[in-house]
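Worksheet for the structure shown next.
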Amino acid sequence: MLRKILETLSPTYCLWCYKKNDLFLCPEHLEIINSFLCPVCHLKFPEIKIKKITCPSCSQKTYLDGLFPIFRLNEPLEKLIHSYKYDLYFDLVKTICFISKEFIYNKFKDFYFIPIPSHKSKIKERGFDHIRLILENMDLKILDALLKIRKTKPQAQTEFLERSQNIKDAFVLKEKNLPEVVFLFDDIKTTGSTLNEACKILKQGGAKLVFALTLATK
Ligand SMILES: [Zn+2]
Ligand SMILES: [Zn+2]
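Count the sequence shown with this note's numbering and you get residues 2 to 219, in order.
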């Protein structure tokens with residue numbers, strides 16, 4: 002509501018530098034990665050190929066077959082995602098989709114995307130499912146294969162070592178017929194505990210290759 006009022010009174014401004022801008026973030030604040038990485042050591046894979054990217058030595062530490070982040074997480078992007086997710090400016094989904102759609106759409110539009118689910122009480126509190134809303138706005142094929150059955154502390158507020166414990170057994174499988182190749186979708190990959198736990202459930206459900214596609218990684 003407040004933003005609607007501000008919008009009618011003033012032009013759009015960048016959330017980071019406050020310069021006038023059609024979006025809410027100047028393009029020069031974005032550091033593009035747009036590659037497959039090993040989800041554990043972040044070793045960059047030279048090509049965009051739908052095959053296992055995770056290094057053999059890192060495979061013991063993750064269920065994921067690869068990580069595809071669009072951007073490097075920096076302060077301006079973190080501010081944009083934070084405003085969307087916690088300050089509940091859901092209209093920012095348009096900016097998020099505008100800056101990332103091309104990277105996803107050209108390469109991966111034929112695949113199914115599984116949003117990392119939020120607990121239903123969280124969706125109710127927020128008023129929208131922030132991860133799913135991004136996929137919806139990008140017109141990608143969404144597969145609601147996972148359900149979050151337990152409330153967890155926000156990973157961002159959880160100590161590094163506690164994160165995998167915090168998220169353990171928080172998801173169950175909702176979809177019996179999983180495609181062989183799927184992309185898990187989340188906003189930011191930090192330790193990867195959430196993505197790894199979700200991937201574990203999908204692999205147990207029969208998925209062969211599971212990649213994580215995120216807006217950003219540290
Ligand atoms: Zn700016
Ligand atoms: Zn590795």
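We treat Cβ as the ideally placed atom computed from N, Cα and C, and that holds for glycine.
Along the chain, where does the beta strand (DSSP E) containing T215 start, and where does it finish? L210 to T218
Rounded separation between E79 and Q205 - CA only: 33 Å
Assuming K95 and H131 are in contact, meaning their beta carbons sit under 8 Å apart, how far apart are those beta carbons, in whole angstroms? Actually they are not in contact, since the Cβ atoms of K95 and H131 sit about 13 Å apart, beyond 8 Å.
Between C56 and ligand 2, is the CB less than 6 Å from at least one heavy atom? yes
How many whole angstroms separate the CB atoms of I115 and F72, which I take to be in contact at a CB cut-off of 8 Å? Going by Cβ atoms, the distance from I115 to F72 rounds to 21 Å, so no, they are not a contact pair.
Does ligand 2 have a heavy atom nearer than 6 Å to the CB of L68? no
Does the Cβ of K21 lie closer than 6 Å to at least one heavy atom of ligand 1? no
I100: first and last residue of the uninterrupted alpha helix (DSSP H) it sits in: V94 to F109
Which value, in whole angstroms, describes the spacing of the CA atoms of L38 and I54? 7 Å
If contacts are defined as beta-carbon pairs under 8 Å, then L179 and A199 qualify, I think. What distance do you get, rounded to the angstrom? Not a contact, Cβ separation roughly 12 Å.
Looking only at its chain, what residues have a beta carbon closer than 7 Å to the beta carbon of C98, apart from the 5 residues adjacent to it on each side? I135, N138 and M139
Nearest to K125 (by Cα), restricted to the options L68, L93, L89 and D111: L89
So is P70 buried or exposed if we call it buried at 16+ other beta carbons inside 10 Å? buried
Just to confirm my understanding: we take L81, look at its own chain, exclude 5 residues before and 5 after, and list those with CB closer than 8 Å. What are they? L16, W17, F25, L26, L93, T96 and I97
In or out: K177 buried (at least 16 other Cβ within 10 Å) or exposed? exposed
So the candidates are E181, H120 and A157; which of them puts its Cα closest to the Cα of R151? H120
Could you compute how far the alpha carbon of A213 sits from the alpha carbon of Y113? 12 Å
Using DSSP with H/G/I as helix, E/B as strand and the rest coil, what is R73? strand
Beta-carbon spacing of L174, I202 below 7 Å: yes
Residue burial classification, Y106 (beta-carbon count within 10 angstroms, cutoff 16): exposed
Less than 7 Å between the beta carbons of T153 and I168, yes or no? yes
Evaluate D111 with the Cβ neighbour count: other Cβ atoms within 10 Å of its Cβ, from every protein chain shown; 16 or more gives buried, anything less gives exposed. exposed
CB of V211 to nearest heavy atom of ligand 2: below 6 Å? no
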